[in-house]
Amino acid sequence: MEDILVVGWGAVGILYGYTLHRSGRVRLTVVARSNYEAAKSGQITITSHQFGSVTDFISERGWRSDVICLVIQLTLRYQVVRSVAEAADRSYSFVLITTKALPDVLPTSKLLEPLLSPSYTYPQPAYALLQNGLGIEKDLYAGLTKRAPLAPPQIITCAVYCDANLIENDMRHPTGLPKLEIGLFDPRGSARREAHSEGASVTSFKNLVEAGGGAVTIAEDIQAAKFRKNIWNVVFATFSCLTRVPPAFYIATPALWGRVAPLFRETGEEVLAVGRAIGYSEKHLPTDAIQGFIDGDVASYSDAQSEHKPSTLLDIEANKPFEVEVIVGEVVRAGRQLGVPIPRMEAIYTMLSVVQAHNLKG
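Residue 0 is where the sequence shown starts when you use numbering that gives the first Met the number 0, and the numbers rise one by one after that.
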């Protein structure tokens, strides 16, 4: 039985926390900040195309009886806490970070400070970043290197494909199967792009998720895989953020979609051009990825009654900070540095930066 810490109990945290729970091989400690009371009292539910309807899988009532050598023991399978500091009382095999990556608000090294401080005397776990955006690993890598300069940090970074929302304590994943593309972060970037050996931590994490019914692929080039996924976030999610309209509305309205689709292609082509300038090959960042995302979303959102919203739109509607820097800002900064013309991306970044500043002001 492995101890696993999940930091962030939103849609992605709940989905993959439950997936790991289904493996039967883990004890979960969950850091639930804004929804601590709901998690603690068993009010979190799951409505999933993959798992069906699930209620109360993690709560203060989450005890089970194990019979071992005729001795009945009560084994706590779940622990819900308010902060990482409360969770820093044991050793973990893996720490899953499923919060939004917000370097301009709360850097990951600050969020995980209790695990990175000298007072945490247990061995360092492998960290799995189940977050949108680019460059999200750098801050944590620096924090881990500072703490233990001679120990290579184990950071598993992920491209997360999951159209789940957390609505009124119900984690809703109505269509399709979520999937992860994963790989070990290496600050050298291109020096490891063709490496196929990712180490024991990546393989172990893959096996745990698969044991719970999850779909996982070890990417040949994880940064290219994340860049590819980020095309969807940049093109589709930001459009919904700026218009405050869910995708199903404009996709299922032919007169609107006929005007929106070309803009999506043009914006996607700007992002793709930045990826090419970085050095991502056609093999790992195919040109047809843009059309693939468009076709996939048309299939998913052709029903105008679809309730799914990008998580960034939910954040904006709730006046919360959102992932503008890691989703859009990283691409814009790379484009500027590499001399790639990205006028649409520049406009999107400017407008969303205004929204972010407004939300942070409160």
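Note that beta-carbon positions come from the ideal geometry of N, C-alpha and C, so glycine has one too.
Identify which residue in the options has its Cα closest to the Cα of residue i.
i	options	result
Val234	Ala247, Ile277, Phe263 and Gly23	Phe263
Glu219	Ser203, Ser239 and Gly198	Gly198
Gln133	Gly41, Gln222 and Leu359	Position check: residue 133 holds Leu in this sequence, whereas Gln was assumed. With distances taken between Cα atoms, Leu133 lies closest to Gln222.
Ser299	Met344, Phe248, Ile166 and Thr266	Phe248
Ile181	Gln130, Asp138 and Thr252	Gln130
Phe292	Lys282, Glu324, Lys228 and Ala317	Lys228
Leu165	Ser352, Glu281 and Ala37	Ala37
Gly51	Thr286, Gly274, Asp169 and Gly338	Asp169
Thr107	Ser22, Thr54 and Gly7	Gly7
Val30	Ser47, Ser92 and Ile96	Ile96
Val323	Ser301, Ala210, Asp103 and Leu143	Asp103
Arg81	Lys205, Val354, Leu143 and Val5	Val5
Thr252	Val297, Tyr35, Ser92 and Arg187	Val297
Tyr77	Asn318, Gly188 and Ile3	Ile3
Arg21	Gln290, Asp287, Lys178 and Ala210	Ala210
Gly9	Tyr35, Thr144 and Gln290	Tyr35
Glu1	Gly274, Glu167 and Ser203	Ser203
Ser200	Phe321, Glu281, Gly274 and Val94	Val94
Val270	Ala288, Trp256, Leu255 and Ala254	Ala288
Val159	Ile230, Arg187, Lys109 and Pro186	Ile230
Ser301	Arg243, Gly267, Leu255 and Cys161	Leu255
Assign residue i to buried or exposed, taking buried as 16 or more other Cβ atoms, counted over all protein chains shown, within 10 Å of its Cβ.
i	result
Ala86	buried
Gln336	exposed
Glu306	exposed
Thr311	buried
Gly213	buried
Ser90	exposed
Thr120	exposed
Leu176	exposed
Leu183	buried
Ala190	Note that Ala190 scores 43 on pLDDT, short of 50, meaning its location in the model is unreliable and no value can be drawn from it.
Tyr101	The displayed chain sequence assigns Leu, not Tyr, to residue 101. Buried is the call here.
Met366	A question about residue 366 goes unanswered here, because the residues of the chain that appear run from 0 up to 361.
Asn232	buried
Pro309	buried
Ala346	exposed
Arg26	buried
Thr98	buried
Leu105	exposed
Thr28	buried
Thr349	exposed
Ala317	exposed
Asp88	exposed
Gly274	buried
Locate the alpha helix (DSSP H) running through residue i, then write down its first and last residues.
i	result
His20	Ala10 to Arg21
Tyr300	Ala288 to Tyr300
Tyr348	Pro342 to Lys360
Ala363	Within the shown structure, residues of the chain are numbered from 0 to 361, placing residue 363 beyond reach of any answer.
Lys178	Premise fails: Lys178 lies in the beta strand (DSSP E), Lys178 to Leu183, not in any alpha helix (DSSP H).
Gln78	Unbroken run through Gln78 is the beta strand (DSSP E), Tyr77 to Val80; no alpha helix (DSSP H).
Asp314	Ser310 to Glu316
Arg227	Ile221 to Trp231
Ser200	Ala199 to Ala210
If you draw a straight line from the alpha carbon of residue i to that of residue j, how long is it in whole angstroms?
i	j	result
Thr245	Thr237	Going by the sequence as given, residue 245 is Pro instead of Thr. Going from the Cα of Pro245 to the Cα of Thr237 covers about 11 Å.
Ala147	Leu111	15 Å
Leu19	Arg171	18 Å
Lys39	Val79	6 Å
Ser33	Ala141	28 Å
Lys225	Glu265	20 Å
Ser47	Ile315	24 Å
Val53	Ile250	31 Å
Arg258	Ser239	15 Å
Leu139	Pro340	31 Å
Ala272	Gly23	44 Å
Leu115	Tyr17	26 Å
Ala150	Asp294	44 Å
Pro342	Arg332	13 Å
Ile277	Leu284	11 Å
Thr216	Leu207	13 Å
Gly61	Pro261	Caution is warranted here: a pLDDT of 46 is assigned to Gly61, below 50, making its placement in the model unreliable, and no coordinate value can be reported.
Ser352	Gly334	17 Å
Tyr279	Glu167	40 Å
Thr144	Ser92	18 Å
His357	Ala84	30 Å
Gly361	Leu313	16 Å
Would you give the residue range spanned by the beta strand (DSSP E) that residue i belongs to?
i	result
Cys157	Ile154 to Tyr160
Glu281	Note, Glu281: premise wrong, no beta strand (DSSP E); not H, not E.
Arg26	Val25 to Val30
Ser52	Gly51 to Thr54
Phe93	Phe93 to Ile96
At the 7 Å Cβ level, is residue i part of the contact set with chain C, yes or no?
i	result
Trp256	Chain labels in this structure do not include chain C; a single protein chain is all it has.
(request) Mind the definition here: the region 125 to 145 touches the region 322 to 329 only if three or more C-beta pairs lie below 8 Å; say whether that holds. (result) yes
| Touch test, the region 34 to 43 against the region 2 to 19, Cβ-Cβ under 8 Å, three pairs minimum | yes
Three Cβ pairs or more, each shorter than 8 Å: is that satisfied between the region 154 to 162 and the region 109 to 127? Three or more Cβ pairs drawn from the region 154 to 162 and the region 109 to 127 lie within less than 8 Å of each other, which places the two stretches in contact.
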